[in-house]
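Peer 1: One structure coming up, written as structure tokens, with questions to follow.
Residue numbers (our numbering), protein chains in the order written: chain A, 10 to 83; chain B, 110 to 244.
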């Protein structure tokens, strides 16, 4: 049987390509993005409904332009 | 000692940019809500967007609405003193609750950088939080 490495939500987030979720909140649980929304409360609620017992964390994936001092490559 | 790490992200032109990210918990009633803000030594104060504040129980109770400035202009905020957990340490910190959604969550300096000595080791991909020893 193939073993699946279990990451913490933080570890998973660090490795996740978040570019598909720009401008949205993502809810992470059990090594995956379990919900996303423009609102943190909605993402959390959806995640909690799907995974009532899981440890859920939230992260916001900012729009590129909302990050100040981003390096502009010419 | 608490060690956080950098997250590689794609910039506007698909180039890789590494940004420092923390793992922190905000008090939410009798429990805690885990989230992952950017660590921003240039931010005077921790900043959270509107919906995250609402989720953990922030309400406007007669506080003055103030404006904080960023490069992209003014953001209306309400200041809250709130409990946050960083690596098992519970701190009461000042948080600027943005009354708009379009801001990134930032772990800023107020209270946090007084409680921890924070070292950015970008080359190693680490951010080290060491508790300040009380004299």
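Think of the CB as a built atom: it goes at the ideal place given N, C-alpha and C, for glycine as much as any other residue.
In chain order, what residues of the same chain have a beta carbon less than 6 Å from the beta carbon of residue 42 (chain A), not counting five sequence neighbours either side?
Peer 2: Here the set comprises 35.
Peer 1: Residues in its own chain within less than 8 Å of residue 65 (chain A) by CB, not counting five upstream and five downstream?
Peer 2: The residues 18, 36, 37, 38, 43, 53, 56, 57, in chain order, have a CB closer than 8 Å to that of residue 65 (chain A) in the same chain once the five nearest residues on each side in sequence are set aside.
Peer 1: Indicate whether at least one CB of chain B lies closer than 8 Å to the CB of residue 71 (chain A).
Peer 2: For residue 71 (chain A), at least one C-beta of chain B is nearer than 8 Å to its own C-beta.
Peer 1: Starting from residue 115 (chain B), trace the beta strand (DSSP E) in both directions and tell me its first and last residue.
Peer 2: 111–119
Peer 1: Would you list the one or two residues that DSSP bridges to residue 188 (chain B)?
Peer 2: Paired residue(s): B:205.
Peer 1: Are the CB atoms of residue 158 (chain B) and residue 69 (chain A) within a distance shorter than 8 Å?
Peer 2: yes
Peer 1: I want to check one thing, is the minimum distance from the CB of residue 173 (chain B) to the heavy atoms of the ligand ATP below 7 Å?
Peer 2: This structure lacks the ligand ATP, and indeed carries no ligand of any kind.
Peer 1: How close, in whole Å, do the beta carbons of residue 214 (chain B) and residue 147 (chain B) come, if the pair is a contact with beta carbons under 8 Å?
Peer 2: 7 Å
Peer 1: Taking a Cβ distance cut-off of 8 Å, strictly less, list which residues of the region 53–71 of chain A are near chain B, in chain order.
Peer 2: 53, 64, 65, 66, 67, 68, 69, 71
Peer 1: Using 8 Å as the threshold, is the C-beta distance between residue 188 (chain B) and residue 172 (chain B) below it?
Peer 2: Yes, Cβ-Cβ distance for residue 188 (chain B) and residue 172 (chain B) is below 8 Å.
Peer 1: Beta carbon of residue 33 (chain A), beta carbon of residue 210 (chain B): below 8 Å?
Peer 2: no
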